[in-house]
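S.K.: Going by this note's numbering, the sequence shown opens with residue 5, and the numbers climb by one from there.
Idealized CB from N, CA, C, for every residue including glycine.
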Amino acid sequence: MSDNVIPMRGRGQAPQKTQRKRKVRYKQTFDYTMIVSLVLLLCIGLVMVYSSSYYVAEVSGESSAYYFLKQFICVAIGALLMLFFMFFDYHYFLELPYQKYKWLTPIKWIKPYWAILVFGVITLALVFVPGIGVNINGSRRWINVGISIQPSEIMKVALIIFISCSIGKRPQKMQSFVHGLLPFLAILLVVCAIIYKQPNFSAIMCIVALVMCMMYVGGAKLTHLGAVIGVIGIAAVILVTQADYRADRLDAFKDPMSSWQVKQSLYSFGAGGFFGRGLGNSMQKMLYLPYRESDFIFAIIAEELGFVGCLVILALFAILIWRGIVAAMRARDLTGMLLATGAVAMIAIQVVLNIGVNTSLLPATGVVLPFISYGGSGILMFMSMVGVALNVSRQGHANVPAKKAGIAPRKKEEGTAGK
5 MSDNVIPMRG RGQAPQKTQR KRKVRYKQTF DYTMIVSLVL LLCIGLVMVY SSSYYVAEVS
65 GESSAYYFLK QFICVAIGAL LMLFFMFFDY HYFLELPYQK YKWLTPIKWI KPYWAILVFG
125 VITLALVFVP GIGVNINGSR RWINVGISIQ PSEIMKVALI IFISCSIGKR PQKMQSFVHG
185 LLPFLAILLV VCAIIYKQPN FSAIMCIVAL VMCMMYVGGA KLTHLGAVIG VIGIAAVILV
245 TQADYRADRL DAFKDPMSSW QVKQSLYSFG AGGFFGRGLG NSMQKMLYLP YRESDFIFAI
305 IAEELGFVGC LVILALFAIL IWRGIVAAMR ARDLTGMLLA TGAVAMIAIQ VVLNIGVNTS
365 LLPATGVVLP FISYGGSGIL MFMSMVGVAL NVSRQGHANV PAKKAGIAPR KKEEGTAGK
């Protein structure tokens with residue numbers, strides 16, 4: 005965007021021969037509040053991964069820092085991905101920049117957002133390929149290609165990018181159920197069917213909630229969404245009752261003391277009190293609480309850092325989500341708004357589900373706490389999407405005068421990306 009030039013008129017009776025001009029400078033910078041909150045969450049996560057896992061690592065014959073070092077490497081790689089997406093123009097998701105890079109001309113027909121969706125679906129299907137898919141306790145949720153990857157995490161990002169670009173190019177179609185909402189529901193059905201066969205019902209819950217949120221922000225009619233959510237709710241009840249282990253989780257939700265995991269998690273919250281036992285002093289991590297470094301790490305935080313520590317983490321998540329919403333509201337176009345919305349929704353949904361499970365407010369699911377729980381695939385995808393949100397925020401700030409960049413409303417776009 006070129007700088008606006010405003011002529012300065014002289015105060016004398018005769019006009020000046022040379023008029024002075026004042027340039028309105030525009031601020032194109034990153035949201036440092038979002039960055040600081042993210043860095044603090046990552047630092048807390050690394051500390052708590054070590055604190056919650058060193059005992060089980062030593063018992064298993066590994067170094068006490070075994071899980072910590074693996075998580076640290078993932079955070080370092082995630083930081084590189086985040087930096088890449090911070091400076092990567094998100095409009096390239098819509099169309100390859102073949103005019104800028106001539107060597108892309110032979111493949112200019114490829115739509116990047118479609119390619120990303122296809123890649124996500126292929127990675128989901130790879131879990132069923134012998135030698136690539138990894139079977140753990142009867143579930144095929146991982147692939148091993150030299151490193152272990154959870155394809156459902158990649159699929160979340162792929163859907164965010166695909167939906168954002170598709171709606172951003174043709175937003176008017178969202179008013180129609182057949183031409184707007186139905187194609188996305190068909191894709192969602194295919195994705196959920198593949199994930200259901202793994203099986204990974206918690207990933208289905210996250211993806212469905214994410215897609216519904218983006219459909220709403222993208223302009224779908226509430227009547228259409230209400231009908232779809234009703235059908236999804238009925239289908240969810242049927243699917244839950246068909247599997248014994250999911251029915252057992254519902255029974256455990258009704259009676260938390262009947263589930264070992266939930267009971268030990270609640271013991272952690274009770275033992276932590278207001279200020280906690282102290283960092284590293286948890287008793288539940290001594291092989292009492294399963295998945296202490298991943299699904300139930302928030303319970304260990306409650307035991308060691310207490311109610312105060314939990315509040316600090318919730319405050320950091322609230323700040324991160326708030327800044328993501330601000331980035332979405334100030335986005336320069338609909339595609340950017342939906343990308344930032346998807347990033348925020350992806351984080352918020354998992355925070356609610358994870359903490360809800362840890363506190364027995366929701367039935368047990370295998371959902372990790374973003375930026376804090378142990379797990380490489382999740383940390384890479386979450387940090388990538390924060391990078392995209394920061395990119396949207398930076399480009400949105402470019403439309404706001406420097407002195408008002410912190411409070412000015414989103415400037416009305418002059419053109420639609422992807423036209």
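Please report the distance separating the alpha-carbon of proline 116 from that of alanine 162.
M.R.: The count along the sequence shown starts at 1 and reaches residue 116 at position 112. The count along the sequence shown starts at 1 and reaches residue 162 at position 158. Those two C-alpha atoms are separated by around 11 Å.
S.K.: Excluding the 5 residues flanking alanine 275 on each side, which residues of the same chain have their C-beta closer than 6 Å to its C-beta?
M.R.: By 1-based counting over the sequence shown, the position of residue 275 is 271. Closer than 6 Å at the Cβ level, and outside the excluded window around alanine 275, lie Glu307.
S.K.: So tyrosine 292 packs on glutamine 268, CB below 8 Å; how close in whole Å?
M.R.: Residue mapping note: residue 292 aligns to position 288 of the sequence shown, counting from 1. Residue mapping note: residue 268 aligns to position 264 of the sequence shown, counting from 1. The pair is a contact, with the Cβ atoms about 5 Å apart (cut-off 8 Å).
S.K.: Assuming contact is defined by CB atoms lying nearer than 8 Å, are phenylalanine 72 and leucine 50 in contact in what I supplied?
M.R.: Against the sequence shown, residue 72 aligns to sequence position 68. Against the sequence shown, residue 50 aligns to sequence position 46. In this structure, leucine 50 lies closer than 8 Å to phenylalanine 72 by Cβ.
S.K.: Classify arginine 29: buried if its beta carbon has 16 or more other beta carbons within 10 angstroms, exposed otherwise.
M.R.: On the sequence shown, position 25 is the one that residue 29 refers to. The predicted model places arginine 29 with a pLDDT of 44, which falls under 50 and marks its position as unreliable; any figure quoted below should be read in that light. Exposed, by the Cβ-count rule.
S.K.: Considering only C-alpha positions, which residue in the set Gln103, Gly310 and Asn395 is nearest to valine 330?
M.R.: Along the sequence shown, one-based indexing puts residue 330 at 326. Ranking the options by Cα distance to valine 330, first place goes to Asn395.
S.K.: Using 8 Å for Cβ pairs, my map puts leucine 270 next to lysine 173. What's the rounded Cβ distance?
M.R.: As a position in the sequence shown, residue 270 is number 266, starting the count at 1. As a position in the sequence shown, residue 173 is number 169, starting the count at 1. Contact flag wrong, Cβ pair sits at about 48 Å.
S.K.: Which whole-angstrom value is the C-beta distance of serine 156 and alanine 207, which I expect to be below 8 Å?
M.R.: Residue numbering aside, residue 156 sits at position 152 when the sequence shown is read from its first letter. Residue numbering aside, residue 207 sits at position 203 when the sequence shown is read from its first letter. Contact flag correct, Cβ pair sits at about 4 Å.
S.K.: Does phenylalanine 188 pass the burial test, meaning 16 or more other C-beta atoms within 10 Å, or should it be called exposed?
M.R.: Within the sequence shown, the letter at position 184 stands for residue 188. Buried, since its Cβ has 16 or more Cβ neighbours within 10 Å.
S.K.: Less than 8 Å separating the beta-carbons of isoleucine 198 and alanine 240?
M.R.: The residue you call residue 198 lines up with position 194 of the sequence shown. The residue you call residue 240 lines up with position 236 of the sequence shown. The answer is no: Cβ separation not under 8 Å.
S.K.: With H, G and I counted as helix, E and B as strand and the rest as coil, what does DSSP make of isoleucine 111?
M.R.: For the purposes of this step, residue 111 is identified with residue 107 of the sequence shown, where counting begins at 1. Isoleucine 111: helix per DSSP, three-state reduction.
S.K.: With a CB to CB cut of under 6 Å and the five nearest residues on each side skipped, what residues in its chain are close to threonine 127?
M.R.: Indexing the sequence shown from 1 puts residue 127 at position 123. Cβ within range, chain order: Pro155 and Ile158.
S.K.: Are isoleucine 304 and methionine 52 close, meaning C-beta to C-beta below 8 Å?
M.R.: Translated into positions along the sequence shown, residue 304 becomes position 300. Translated into positions along the sequence shown, residue 52 becomes position 48. Their beta carbons are under 8 Å apart, which means isoleucine 304 touches methionine 52 by this criterion.
S.K.: Across the region 378-391 and the region 78-85, are there enough close Cβ pairs to call them in contact, namely three or more that are closer than 8 Å?
M.R.: Counting Cβ pairs under 8 Å, three or more are found: they touch.
S.K.: Out of Leu226, Ile147, Leu108 and Ile301, which has the shortest C-alpha to C-alpha gap to valine 133?
M.R.: As a working mapping, residue 133 is identified with position 129 in the sequence shown. Per the Cα distances, Ile147.
S.K.: Suppose you measure from the CA of leucine 46 to the CA of phenylalanine 375; what does that come to, to the nearest Å?
M.R.: One-based indexing of the sequence shown puts residue 46 at position 42. One-based indexing of the sequence shown puts residue 375 at position 371. Each residue's alpha carbon lies about 5 Å from the other.
S.K.: Which of helix, strand or coil does DSSP assign to arginine 144?
M.R.: As a position in the sequence shown, residue 144 is number 140, starting the count at 1. Strand.
S.K.: Please tell me whether valine 361 and alanine 352 are closer than 8 Å, where the distance is taken between their beta carbons.
M.R.: Residue 361 sits at position 357 when you count from the first residue of the sequence shown. Residue 352 sits at position 348 when you count from the first residue of the sequence shown. No. Outside cutoff.
S.K.: Among residues of its own chain, excluding the 5 on either side of serine 397, which ones have a beta-carbon nearer than 6 Å to its beta-carbon?
M.R.: Here residue 397 refers to the residue found at position 393 of the sequence shown. Asp35 and Ala331.
S.K.: Just how far apart, CA to CA, sit leucine 342 and aspartate 299?
M.R.: Here the question's residue 342 lines up with position 338 in the sequence shown. Here the question's residue 299 lines up with position 295 in the sequence shown. Whole-angstrom Cα-Cα distance: 28 Å.
S.K.: Within the same chain, show all residues whose beta-carbon is closer than 8 Å to that of valine 131, passing over the 5 residues directly before and after it, in chain order.
M.R.: Here residue 131 refers to the residue found at position 127 when the sequence shown is read from its first residue. Closer than 8 Å at Cβ, skipping near neighbours: Gly137, Val138, Arg144, Arg145, Trp146, Ile147, Pro155 and Gln202.
S.K.: Need the endpoints of the alpha helix (DSSP H) that valine 266 sits in, please.
M.R.: Looking up residue 266 in the sequence shown gives position 262. Its alpha helix (DSSP H) spans residues 264-276.
S.K.: Please state if the CB of isoleucine 120 and the CB of phenylalanine 439 are separated by a distance shorter than 8 Å.
M.R.: The question about residue 439 has no answer, for the chain in this structure spans 5 to 423.
S.K.: For the alpha helix (DSSP H) that serine 56 lies in, which residues bound it at each end?
M.R.: As a working mapping, residue 56 is identified with position 52 in the sequence shown. Start and end: 36-63.
S.K.: Per the DSSP calculation, valine 138 is bridged to which residue(s)?
M.R.: Taking the first residue of the sequence shown as position 1, residue 138 is located at position 134. Paired residues: Trp146.
S.K.: Using DSSP bridges, identify the partner residues of isoleucine 153.
M.R.: Working through the sequence shown from its first residue, we reach residue 153 at position 149. Paired residue(s): Ile147.
S.K.: Taking 6 Å as the limit between beta carbons, can you name the residues of its chain near alanine 349, skipping five residues before and five after?
M.R.: Along the sequence shown, read from residue 1 onward, the residue named residue 349 stands at position 345. Here the set comprises Leu214 and Cys217.
S.K.: Just to confirm the assignment, what range does the alpha helix (DSSP H) spanning leucine 318 have?
M.R.: Indexing the sequence shown from 1 puts residue 318 at position 314. That run of the alpha helix (DSSP H) goes 301-333.
S.K.: Assign aspartate 93 to one of three DSSP states: helix, strand, or coil.
M.R.: Against the sequence shown, residue 93 aligns to sequence position 89. If DSSP states are grouped into helix, strand and coil, aspartate 93 belongs with coil.
S.K.: Can you give me the C-alpha to C-alpha distance between lysine 25 and isoleucine 325, rounded to a whole angstrom?
M.R.: Here residue 25 refers to the residue found at position 21 of the sequence shown. Here residue 325 refers to the residue found at position 321 of the sequence shown. At lysine 25, the pLDDT of 42 sits below 50, so the modelled position is not reliable and the matter cannot be decided from this model.
S.K.: State the Cα-Cα distance for the pair arginine 250 and methionine 287, rounded to the nearest angstrom.
M.R.: In the sequence shown, the residue the question calls residue 250 occupies position 246. In the sequence shown, the residue the question calls residue 287 occupies position 283. So the alpha carbons of these two residues sit roughly 29 Å apart.
S.K.: Expressed to the nearest angstrom, what Euclidean distance is found between the alpha-carbon atoms of methionine 86 and leucine 373?
M.R.: Within the sequence shown, the letter at position 82 stands for residue 86. Within the sequence shown, the letter at position 369 stands for residue 373. Computed Cα separation, rounded: 18 Å.
S.K.: Let me check understanding here. Comparing Cα to Cα, which of Val182, Asp255 and Met209 lies closest to alanine 224?
M.R.: Counting from one through the sequence shown, the residue named residue 224 turns up at place 220. Cα-wise, what sits closest to alanine 224 is Val182.
S.K.: Please classify asparagine 141: is it buried, with 16 or more other beta-carbons within 10 angstroms of its beta-carbon, or exposed?
M.R.: Against the sequence shown, residue 141 aligns to sequence position 137. So asparagine 141 ends up on the exposed side.
S.K.: In its own chain, which residues sit with a C-beta less than 7 Å from the C-beta of valine 392, not counting the 5 before and 5 after it?
M.R.: The residue you call residue 392 lines up with position 388 of the sequence shown. These residues qualify, in order along the chain: Phe89, Tyr94, Leu343 and Ala347.
S.K.: Would you mind stating whether asparagine 358 and phenylalanine 273 have Cβ atoms separated by less than 8 Å?
M.R.: In the sequence shown, residue 358 corresponds to position 354, counting from 1. In the sequence shown, residue 273 corresponds to position 269, counting from 1. No, the Cβ-Cβ distance between asparagine 358 and phenylalanine 273 is not below 8 Å.
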